[in-house]
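In what follows, a structure is listed as structure tokens, so that the remarks can point back to it.
Numbering (UniProt numbering), first residue to last: 1 to 1196.
In structure tokens, the structure reads:
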């Protein structure tokens, strides 16, 4: 029922204001009917800006419309659809809407239970017969009673970057005699911290300095975007278009939500001069920028437009550092390996509710089947790591979010007086956690705290999450204090948690603080909830148990400024802690200390083959496939897969990569076209009879411009429900099908694809099928991508051959099983005959004469036995034939003869034979096989002076001695070459003395005096370089009473320390003596094994196409064969004139001007022998004339 709403009195308006909510709206489609067109034309974006408000008190629905297009429109009807094909008319009239025109109407409705409607707008373009139809899905929010009045936000403390920091920054952090005293001191401290690395002493000051550097660098970048004489174009009231060509530099960092200051000069009014200044924000960022201002601009030209830096995040981080500085950091953020020993006593002192729980009733039943998840939840609830953080190490798909949610639910149930703060680095993760918690927690017990900037994303959020947040009215509202005090679970981003200090919320009410996605943010950002909420600066204690969740093997923080890379600012708190002894695996047991950290191992997301590469490369092969077969296996045997058992497809394409002039991001149209083809193929044909929906497909690409390009292309094809995003946006997400566009092409590097963590994210998003589109020629430049391509290529090349062999093996297995069953029956029959014969003989005459009946039984037994033996022999012969077919299948499918890839004339010359013998002798000496090397030299006639056993024999003897625990030979060698090792900045000598010192300490307390004397004698020269390490060694003396193996320094006695030192010795010794660390013979064999498959394929192709006589090159191959990066030692010169690779007969020649060409090219240019000093040639690249004889032979 719809009726006009009666005008309300002012008092009624006051009473009903609180019950008015703004509806959530999602644009569905906009279409235009054009005469003589069979189908309506879909438009890529809406033509109306729609806002719908609902008043629950009077069931009033208010619709606000604004014309966003540049055409005059006629609005004729507005319909509200509900259920199936039921509708009511909200408006039926005629309204002329010029561009930017706003229209509002109000009606009362009878609301549905779920509050979901489709709003349909009908009209046409003025002056044409084009009819418009726009459909929007609106959702009425269920209003709840506000818990109180909105709280007031205090201003954040102001932290200014000092001028002396700016001075040092401008001088690129280089020493300068003109610095003032503060600048010199600041730089000296920074350089000292860089040498010391981050520790509990310099922690606060070091991170503050790095944050000041980032803040000032960001300020300078934003200042470069200032436009002094800007021109704007009004597109809608108070919305203005700013074109990108007006910027001096590409505005890479500008995005939706950035603040804008517009200065309109000075205006004279009534003899007064008024400065026109307007604030605004960026509301759209595509080819151009759209700015929305607070008030209309008086003019649109000669404006000064600034983009001020938003310093809120930096100020919150400084606040956290100030609070953190009051803590004993060596216990909280730098815990030792024995930190957990005193945890129960500390928990009793800090927390009132300190009961220990060992049994649980699981909210999520699948948790009870996972040992690691159960152990992590128990330790989290019982605060086993306090005051240090507890780490939940969650590799991809291992149920990290499930574990976090279950831990929160158990705390909520078992500790009814505890409150929990749940944070994450992204709003998506916070919303996901809230949505899962709401399945078990009453809405009145959970509060989702949004920031103001998230209001623009409200239309894509879960309705249930919105209704328990401070946007429950459909728009942002400052929360009330009761929102925090009357709920037990608070969910917000790490940065928004600091707002509670501004709201005067008592921070001590939270007993647990969860930080999800901790590995993706810098350490200082993760400190915001710890420092602002979890720290009591007055009592100098951590007042909450901290839980960090994430994966240090996935994408970490984004550091834009080069100086801050390779500093603690480029590292997450999670990754730094995981590298500390307390959180590392024990070197002896190879296990984590589960009181401090738990690593989840069961992957529930993907098919085993999809994460196997990441598993072996990044997770030590520990992950186990536990995904449901109906979720992970449905893409197997798809006809497009090179290997039907491996649901990953690499589509090789040599596309063209281009850079966007505005964002400096890259895009590749050729790859995008392949992506479009795969999307259409999947949706049209499905996979193995399974229908693939748009929602099943995710597209991941590393560059934002490619994201935009693919998104626009798919939208034009009608695929608007496919999610396209970067690796950062997809981290933590999953889809049944993932399509990856790598973009990189026509470049010599892979850009930031070289970050192996980005590759790890790309490979672990898919549940059932991964399709990678890229240029292998470019991607192979990176070692990790090279290894992935090798795996993919090997699986593709061997698929058919393996399938043939597998088929024959299955035949053998089936036949063997059948013969085995039959043989058992035959043997049973023979045993029965023998038993029958035995009983017959036992019943015979006492004189032991064989009767006629017994003869018959014996003959029958012999006949049947021979018959059965014959049958067994025949079946065994058939089995042997089947087995032999396996070998034949292997011979047919795989190459066994490698002679086709070798040159028979290589070792025909005496010189080459002697060279091979010398390399082999060197290899034997390297391996300590002196007797074999001596015999080879003697039998081959190799001159003894050509190969000297030393230094190989000595190096091997010392290397073996270190492995057996004898350091004397290595120490004597290091002392002999001490000066040379110091010149190379080697750590070998110190590491040897460190091992010797620890070896002495193995004698126990009685060896203390000897150890101190050894340290005084041998460590003095290393104090300057290894002061911290020596302090650690001295600290071991304290634990002699209980044994070093029971101390935090037990890692110093681990076998790995000896293995590492032996490898360092071999590396440094070989460098010092000018010999290769690896045997040349080993490198040659490894390179040959890598090249062999390609050579065999090449030979097979040439023979099948009968082109073996066409290519006769002897110094080069007709195709490029990739060797692994460790087998690349020098560059190969290709002449830019003749396009030929250099050789011994045609070496590179350097001209006087510096340009390099080949000798053959030089001869062709001179047309005379190059020794003729009278002829002068002109360089093909510069106008310089020179004599050919002046060219110099060069070596690479």
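Virtual Cβ for every residue (Gly too), placed ideally from N, Cα, C.
For clarity, every value in this text was computed on a predicted model and none was experimentally measured.
Residues sharing a beta bridge with residue 667, DSSP:
For the purposes of this step, residue 667 is taken as the residue at position 667 of the chain shown. According to DSSP, which records beta bridges pairwise, residue 667 is partnered with 658.
Sequence-distant residues of the same chain with beta carbon closer than 6 Å to residue 891, five excluded per side
For the purposes of this step, residue 891 is taken as residue 891 along the chain shown, with counting starting at 1. Answer for residue 891: no residue qualifies.
What would DSSP say about residue 1070, mapped onto helix, strand or coil?
Residue numbering aside, residue 1070 sits at position 1070 when the chain shown is read from its first letter. Helix.
In or out: residue 870 buried (at least 16 other Cβ within 10 Å) or exposed?
Residue mapping note: residue 870 aligns to position 870 of the chain shown, counting from 1. Exposed.
Considering only residues of the same chain and omitting the five flanking positions on each side of residue 1134, which have a CB-CB separation below 8 Å?
Sequence index remark: in the chain shown, residue 1134 carries index 1134 (1-based). Excluding sequence neighbours, residue 1134 sits near 1140, 1141, 1142.
Looking at residue 189: is its Cβ nearer than 9 Å to the Cβ of residue 396?
For the purposes of this step, residue 189 is identified with residue 189 of the chain shown, where counting begins at 1. For the purposes of this step, residue 396 is identified with residue 396 of the chain shown, where counting begins at 1. No, Cβ-Cβ distance for residue 189 and residue 396 is not below 9 Å.
Note down, in chain order, each residue of its chain lying with its Cβ closer than 6 Å to the Cβ of residue 618, except the 5 sequence neighbours on either side.
Taking the chain shown and counting its residues from 1, the one referred to as residue 618 is at position 618. So the list reads 553, 760, once near-sequence residues are dropped.
Give me the Cβ distance between residue 542 and residue 327, rounded to the nearest whole Å; I'm assuming they're in contact under 8 Å.
Numbered from 1 along the chain shown, position 542 holds the residue referred to as residue 542. Numbered from 1 along the chain shown, position 327 holds the residue referred to as residue 327. Residue 542 to residue 327, Cβ: 6 Å. Contact.
From the DSSP output, in three-state form, read off residue 793 for me.
Taking the first residue of the chain shown as position 1, residue 793 is located at position 793. Residue state, collapsed to three classes: helix.
Relative to the C-alpha of residue 144, which residue among 663, 590, 20, 855 is closest?
One-based indexing of the chain shown puts residue 144 at position 144. It is 20.
Return the first residue and the last residue of the beta strand (DSSP E) that residue 632 is part of.
The count along the chain shown starts at 1 and reaches residue 632 at position 632. That residue, residue 632, is in no beta strand (DSSP E); its alpha helix (DSSP H) goes 629-632.
When the Cα atoms are used, what is the spatial distance from residue 781 to residue 585?
Reading the chain shown from its first residue, position 781 is the one you call residue 781. Reading the chain shown from its first residue, position 585 is the one you call residue 585. If I take the Cα positions, the gap works out to 33 Å.
Which two residues bound the contiguous alpha helix (DSSP H) that contains residue 1200?
Lying outside 1 to 1196, the shown extent of the chain, residue 1200 is not represented and no answer is given.
Considering just the uninterrupted stretch of the beta strand (DSSP E) at residue 497, what are its terminal residues?
Numbered from its first residue, the chain shown carries residue 497 at position 497. Element bounds for residue 497: n/a, residue is neither H nor E.
Between residue 955 and residue 971, is the Cβ-Cβ spacing less than 9 Å?
On the chain shown, position 955 is the one that residue 955 refers to. On the chain shown, position 971 is the one that residue 971 refers to. No.
Any 3 or more C-beta pairs closer than 8 Å across the region 239-250 and the region 289-303
At 8 Å Cβ cutoff, the stretches touch.
Select from 935, 132, 75, 407 the residue whose C-alpha is nearest the C-alpha of residue 33.
Counting from 1 along the chain shown, the entry for residue 33 is found at position 33. With distances taken between Cα atoms, residue 33 lies closest to 132.
Taking buried to mean at least 16 other C-beta atoms within 10 Å of its own C-beta, is residue 716 buried or exposed?
Counting from 1 along the chain shown, the entry for residue 716 is found at position 716. Residue 716 is exposed by the Cβ-count criterion.
Taking the alpha carbon of residue 167 as the reference point, which residue from 159, 563, 179 has its own alpha carbon closest?
As a first step, residue 167 must be located in the chain shown, where it is residue number 167. Residue 167 has its Cα closest to that of 179, out of 159, 563, 179.
Is residue 1155 helix, strand or coil by DSSP?
Position 1155 of the chain shown, counted from the first residue, corresponds to residue 1155. Three-state DSSP puts residue 1155 in coil, outside helix and strand.
Can you list, in chain order, the residues of its chain with a C-beta nearer than 7 Å to that of residue 953? Leave out the 5 residues immediately preceding and following it.
Residue mapping note: residue 953 aligns to position 953 of the chain shown, counting from 1. 925, 930.
Apply the 10 Å Cβ neighbour rule to residue 1159 and answer buried if 16 or more other Cβ atoms are within range, or exposed otherwise.
The residue you call residue 1159 lines up with position 1159 of the chain shown. Counting Cβ neighbours within 10 Å, residue 1159 comes out buried, since at least 16 surround it.
Between which two residues does the beta strand (DSSP E) harbouring residue 28 extend?
One-based indexing of the chain shown puts residue 28 at position 28. It spans 24-33 - the beta strand (DSSP E) in which residue 28 sits, taken as one unbroken run.
Which listed residue (1082, 512, 675) has its alpha carbon closest to that of residue 390:
Here residue 390 refers to the residue found at position 390 when the chain shown is read from its first residue. Checked all of 1082, 512, 675; the closest Cα to residue 390 is 512.
From residue 10 to residue 486, what distance separates their C-alpha atoms?
Here residue 10 is taken as the residue at index 10 of the chain shown, counted from 1. Here residue 486 is taken as the residue at index 486 of the chain shown, counted from 1. Summary for residue 10: the model assigns pLDDT 39, below 50, so the residue's position carries little reliability; its value from the coordinates is reported in the next sentence. Computed Cα separation, rounded: 32 Å.
On the DSSP letters alone, give me the boundaries of the alpha helix (DSSP H) that residue 777 sits inside.
For the purposes of this step, residue 777 is taken as residue 777 along the chain shown, with counting starting at 1. Residues 776-779.
Would you kindly work out how many angstroms separate the C-alpha atoms of residue 1184 and residue 979, rounded to a whole number?
Looking up residue 1184 in the chain shown gives position 1184. Looking up residue 979 in the chain shown gives position 979. Approximately 48 Å, taken between the alpha carbons.
Span of the beta strand (DSSP E) around residue 738
The residue you call residue 738 lines up with position 738 of the chain shown. Here the beta strand (DSSP E) through residue 738 covers 735-741.
For residue 473 and residue 142, I'd like the C-alpha separation in whole angstroms.
Walking along the chain shown from the start, residue 473 turns up at place 473. Walking along the chain shown from the start, residue 142 turns up at place 142. In a straight line, the C-alpha of residue 473 is about 9 Å away from that of residue 142.
State the start and end residues of the unbroken alpha helix (DSSP H) segment that holds residue 464.
In the chain shown, counting from the first residue as 1, residue 464 sits at position 464. DSSP places residue 464 inside the alpha helix (DSSP H), whose first and last residues are 463-467.
Just to confirm before moving on: does the CB-CB distance between residue 169 and residue 104 stay below 9 Å?
Translated into the one-based positions of the chain shown, residue 169 becomes position 169. Translated into the one-based positions of the chain shown, residue 104 becomes position 104. No, the pair does not count as a contact, with Cβ atoms beyond the cut-off.
For residue 25 versus residue 41, is the C-beta spacing smaller than 9 Å?
Locating residue 25 in the chain shown gives position 25, where the first residue counts as 1. Locating residue 41 in the chain shown gives position 41, where the first residue counts as 1. Taking 9 Å as the Cβ cut-off, residue 25 and residue 41 do not qualify as a contacting pair.
Could you tell me if residue 960 is buried or exposed, where buried requires 16 or more neighbouring beta carbons within 10 angstroms of its beta carbon?
Here residue 960 corresponds to residue number 960 of the chain shown, with the count starting at 1. Residue 960 is exposed by the Cβ-count criterion.
Using a Cβ distance threshold of 8 Å, determine whether the region 870-888 contacts the region 821-832, with at least three qualifying pairs required.
Yes: the two stretches touch, three or more of their Cβ pairs being nearer than 8 Å.
Mind checking whether residue 772 and residue 649 have CB atoms under 9 Å apart?
Working through the chain shown from its first residue, we reach residue 772 at position 772. Working through the chain shown from its first residue, we reach residue 649 at position 649. Going by C-beta atoms, residue 772 is nearer than 9 Å to residue 649.
Beta strand (DSSP E) runs wholly inside the region 172-259, at least 3 long, in chain order
227-230, 233-236, 239-242
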